[in-house]
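What follows is a short report on a single structure.
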Amino acid sequence: MTGTTFLRTFHPPIRRWSLPCTLAFVLVTAPSLVPAAPPSGGSSPVPVSLVEAEAVVRDLFGLETGEAVKDERGFRFKVTKMAGGRRCPLEKVRDTRCGDFAWAPSEARVFHHSVVAPLSGHLSRNRVVVVDLFSSSAGVAFSALHGVLVFPGPAVKPAARPAFAWYLTRLGRSVSLDLSDVTGDGLMDILYGYSQQMGGGIHVVARDIWTVARLAPEKLLSAGEKLSGVFLSTFDGAPLHDDGLGTLGRGALRTVATAPDRPDLVVLERARMAGPGTAWEMHVLTDFGEGWTEHLTGAPGSPESWGIEVEVDGEPGPDCTPVEVPAGLSIKARRGLLELETACRVARAPFLAEGVEGADAPLLKAFRMLWAAVSMHVAGYHVIALALEESASMTLTAGWPFTWPVSVGLSLHAAWLAQGEYHRAFDPRFAQTQGTFVESLTSYPALYPVTWPLDRLERALRAPSKPGELRLTAPGN
3 MTGTTFLRTF HPPIRRWSLP CTLAFVLVTA PSLVPAAPPS GGSSPVPVSL
53 VEAEAVVRDL FGLETGEAVK DERGFRFKVT KMAGGRRCPL EKVRDTRCGD
103 FAWAPSEARV FHHSVVAPLS GHLSRNRVVV VDLFSSSAGV AFSALHGVLV
153 FPGPAVKPAA RPAFAWYLTR LGRSVSLDLS DVTGDGLMDI LYGYSQQMGG
203 GIHVVARDIW TVARLAPEKL LSAGEKLSGV FLSTFDGAPL HDDGLGTLGR
253 GALRTVATAP DRPDLVVLER ARMAGPGTAW EMHVLTDFGE GWTEHLTGAP
303 GSPESWGIEV EVDGEPGPDC TPVEVPAGLS IKARRGLLEL ETACRVARAP
353 FLAEGVEGAD APLLKAFRML WAAVSMHVAG YHVIALALEE SASMTLTAGW
403 PFTWPVSVGL SLHAAWLAQG EYHRAFDPRF AQTQGTFVES LTSYPALYPV
453 TWPLDRLERA LRAPSKPGEL RLTAPGN
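Using our numbering, the letters of the sequence shown correspond one by one to residues 3 to 479.
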């Protein structure tokens with residue numbers, strides 16, 4: 003299809019600039035239209051002191067260390083050996099014994115940021131401390147032990163045997179900590195973010211939800227698990243973000259209140275930037291009294307699946323069809339669930355028109371996706387919206403080079419939003435964002451003509467020169 007033929011496929015032609023200008027304005031400003039969620043109540047920050055950090059590392063974990071090195075995020079300790087013949091650092095943690103588990107850390111980090119909040123009981127004031135342990139003697143697949151310590155009182159007292167929500171991961175580390183009453187029981191729950199490096203060069207950022215009622219850590223929702231079971235060999239769940247070879251996965255997780263004394267809704271948006279294969283997902287998780295289940299799942303579909311209830315492995319399929327809700331659910335909660343279903347179907351609608359006579363015109367398809375993206379931005383689903391923008395950019399490839407500038411603009415805006423979501427997953431009190439905005443641009447095909455020369459130039463500038471050689475031009479030119 004030539005560029006001229008492509009431009010004629012949209013009928014009737016847009017003769018006024020008001021609608022395109024409105025679309026452009028909303029795409030740029032919509033992420034700022036939805037106010038940020040207020041901070042969680044019932045908690046107060048209490049920075050970890052050097053004495054407390056030493057108590058955690060030496061008295062609780064039983065490590066012999068050198069002097070602490072202080073930086074802007076906390077205290078780092080070089081571990082020389084385990085004290086008292088211990089096999090692992092968990093011997094004094096509540097309800098935990100090392101047994102046959104032998105794991106010796108070589109470095110420990112205790113973060114400054116700590117809070118006091120009611121996690122174990124309604125009148126409790128628990129101290130919450132985040133720690134990372136790294137081992138040079140363990141295998142790479144389980145080289146990091148990290149997580150959240152919850153002490154019975156507001157003080158860091160190892161003798162009180164704190165609870166520990168912990169992980170053993172491949173090059174993992176803590177990246178964020180938030181507290182919120184997700185379960186509706188009046189106690190604060192832990193929203194813990196961490197990163198890890200998977201096999202095959204895949205970098206994952208996950209966010210899990212824990213409850214520590216009665217000082218018994220229980221993982222409510224795990225990004226690395228499907229609701230049907232745990233997968234240990236690969237990350238088969240739904241991580242918040244994941245970076246692979248040539249693809250980017252971006253996400254956002256939030257909780258939505260339903261009613262007093264009832265669990266929140268957990269809404270996970272996912273976008274996969276993979277060129278022509280760009281797609282999105284929506285997962286709504288609920289607990290109506292029988293455990294956490296998926297209330298609905300949405301993803302791009304085809305006209306054949308319209309109005310058909312789909313099941314995948316016994317779970318709701320990606321057609322935005324919700325499960326039945328209990329009779330006693332409040333009107334407010336039902337309205338919230340209906341709004342989620344409506345948003346899911348709005349995002350899915352542009353893909354269901356394919357195959358309809360006259361609807362396959364690329365410009366018309368791109369316009370439908372942009373209109374859905376604007377609707378999702380206004381509704382606050384920015385991750386799904388950025389996937390729709392990138393899908394519109396890829397749809398316009400049929401009209402390149404005439405439509406290439408529009409594709410570039412859409413992909414740049416989607417990349418900017420994606421990097422913003424990625425940046426928000428990293429709390430600067432725990433970790434720095436890994437990867438830059440410029441590095442992420444290589445996952446957007448419309449930007450190849452721009453990123454490829456820049457990449458060549460960067461490699462040329464970093465390449466070492468031979469002795470006595472003055473390089474004025476990039477190699478290969």
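Note that the Cβ used here is the ideal one computed from N, Cα and C, for glycine as well.
Please state whether the Cβ-Cβ distance between residue i and residue j is less than 8 Å.
i, j, result
"Val118", "Pro156", "yes"
"Val95", "Phe153", "no"
"Gly68", "Phe77", "no"
"Leu255", "Leu270", "yes"
"Val327", "Phe369", "no"
"Tyr196", "His243", "no"
"Pro320", "Leu339", "no"
"Pro160", "His114", "no"
"Pro302", "Trp282", "yes"
"Leu1", "Asp191", "What the structure shows of the chain is the stretch from 3 to 479, and residue 1 is not part of that stretch, so it cannot be assessed."
"Ala335", "Ala261", "yes"
"Ser445", "Met275", "yes"
"Val132", "Val150", "yes"
"Ala389", "Thr280", "yes"
"Leu121", "Val112", "no"
What three-state label does DSSP hand residue i in the structure shown?
i, result
"Phe144", "helix"
"His415", "helix"
"Met284", "strand"
"Val214", "coil"
"Ser307", "Confidence in Ser307 is poor, its pLDDT being 43 and thus under 50, which makes the residue's placement too unreliable to answer from."
"Thr444", "helix"
"His384", "helix"
"Asp97", "coil"
"Leu459", "helix"
"Pro154", "coil"
"Trp454", "helix"
"Phe136", "strand"
"Arg370", "helix"
"Gly44", "coil"
"Leu398", "helix"
"Val177", "strand"
"Arg88", "coil"
"Thr338", "Per the sequence shown, residue 338 should be read as Gly rather than Thr. In this structure, Gly338 counts as helix in the three-state DSSP scheme."
"Leu125", "coil"
"Val344", "Checking the displayed sequence, the identity of residue 344 turns out to be Thr instead of Val. Three-state result, Thr344: helix."
"Asp244", "strand"
Cα-Cα, which of the options is closest to residue i?
i, options, result
"Leu366", "Ala381, Val385, Ser395", "Ser395"
"Leu170", "Gly186, Asp180, Asp134, Gln436", "Asp134"
"Thr322", "Val131, Arg350, Glu220, Lys334", "Rather than Thr, the amino acid found at residue 322 in this sequence is Cys. It is Arg350 whose Cα lies nearest to the Cα of Cys322."
"Ala110", "Arg129, Arg426, Ser45, Ser176", "Ser176"
"Gly44", "Leu125, Ala273, Ala161", "Leu125"
"Gly248", "Ser46, Leu459, Phe103, Leu449", "Leu449"
"Tyr424", "Leu340, Asp245, Ser145", "Asp245"
"Ser377", "Val348, Trp402, Pro324, Val50", "Val348"
"Trp105", "Met371, Asp191, Ser137", "Ser137"
"Gly201", "His285, Val142, Ala381", "Val142"
"Thr333", "Ala259, Gln198, Phe103", "Correcting the residue type first, residue 333 is Ile in the shown sequence and not Thr. Selected option, being the one with the closest Cα: Ala259."
"Leu342", "Pro302, Gly303, Thr397, Val286", "Val286"
"Phe63", "Met84, Thr288, Glu54", "Met84"
"Trp168", "Pro107, Tyr194, Pro455", "Tyr194"
"Leu223", "Arg252, Pro47, Ala70, Thr288", "Thr288"
"Ala416", "Pro403, Leu151, Gly401, Pro447", "Pro447"
"Ala140", "Arg129, Arg172, Thr435, Arg99", "Arg172"
"Val268", "Ala70, Asp183, Glu220, Arg252", "Asp183"
"Ser145", "Pro107, Gly123, Arg127, Val112", "Pro107"
"Ala345", "Glu292, Glu54, Ala375", "Ala375"
"Lys221", "Gln198, Arg272, Gly203, Gly293", "Gly293"
"Asn128", "Arg337, Ala162, Val71", "Ala162"
Exposed or buried, which one is residue i when buried takes at least 16 other CB atoms within 10 Å?
i, result
"Pro364", "buried"
"Gly226", "buried"
"Ala496", "Outside the displayed span of the chain (3 to 479) sits residue 496, for which this structure offers no information."
"Leu459", "exposed"
"Phe353", "buried"
"Glu391", "buried"
"Pro241", "buried"
"Ala433", "buried"
"Leu2", "Because residue 2 is not part of the residues shown, which for the chain are 3 to 479, the question remains open."
"Ala329", "exposed"
"Arg337", "exposed"
- prompt: Would you call the segment 81-100 and the segment 202-215 in contact, with 3 or more CB pairs under 8 Å?
  reply: Not touching, per the Cβ criterion.
field: Cβ contact (3+ pairs, closer than 8 Å) linking the segment 429-446 and the segment 375-390
entry: Contact between the segment 429-446 and the segment 375-390 is absent, with fewer than three C-beta pairs closer than 8 Å.
message: Does the structure place the segment 393-409 close enough to the segment 185-195 that three or more beta carbon pairs sit under 8 Å?
response: Too few Cβ pairs lie closer than 8 Å, so no.
- prompt: Is the segment 420-437 close to the segment 194-209, with three or more CB pairs under 8 Å?
  reply: By the Cβ criterion, the segment 420-437 is in contact with the segment 194-209, since at least three pairs of Cβ atoms, one from each stretch, lie closer than 8 Å.
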